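The working numbering applies: residue 934 is where the sequence shown begins, and numbers increase by one. The beta carbon of each residue, even a glycine, is placed where N, CA and C say it ideally should be. Being a predicted model, the structure only gives us computed values, none of them experimental.
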Amino acid sequence: IQTLQNVSSHIDDMRAVTFRYNEHPEKEQIGFIAEEIAEHFPEIVVYEKDGVTPYTVRYDLMTAVLLAAIKELRAEVAELKAQL
């Protein structure tokens, strides 16, 4: 077991977007760009059969990444408050 660290440094590189799957263009989705997530967290991306091309994000695992980022940011805020 290893605690995720320095996650918040990657937050700026992850965009929350709206999109439509090619297979279901009638329904707009909200999510992330798998290629962008794969750059920082390849273990939470599902890849095409070639094992290289990002296909989608494992949103159930994204929760842990975002929680780690929130905790890091809260610690930073607490540190800055202590300096005041």
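In three-state terms, what does DSSP make of residue i?
| i | result |
| --- | --- |
| T986 | coil |
| R953 | strand |
| V978 | strand |
| I1003 | helix |
Should residue i go down as buried or exposed, given a rule of 16 or more other Cβ atoms within 10 Å for buried?
| i | result |
| --- | --- |
| R971 | Here residue 971 is Ala; the residue named in the question, Arg, does not match the sequence. Its Cβ being crowded by 16 or more others within 10 Å, A971 is buried. |
| V940 | buried |
| F952 | exposed |
| I977 | buried |
Checking the sheet assignment: what are the DSSP bridge partners for residue i?
| i | result |
| --- | --- |
| I963 | T951 |
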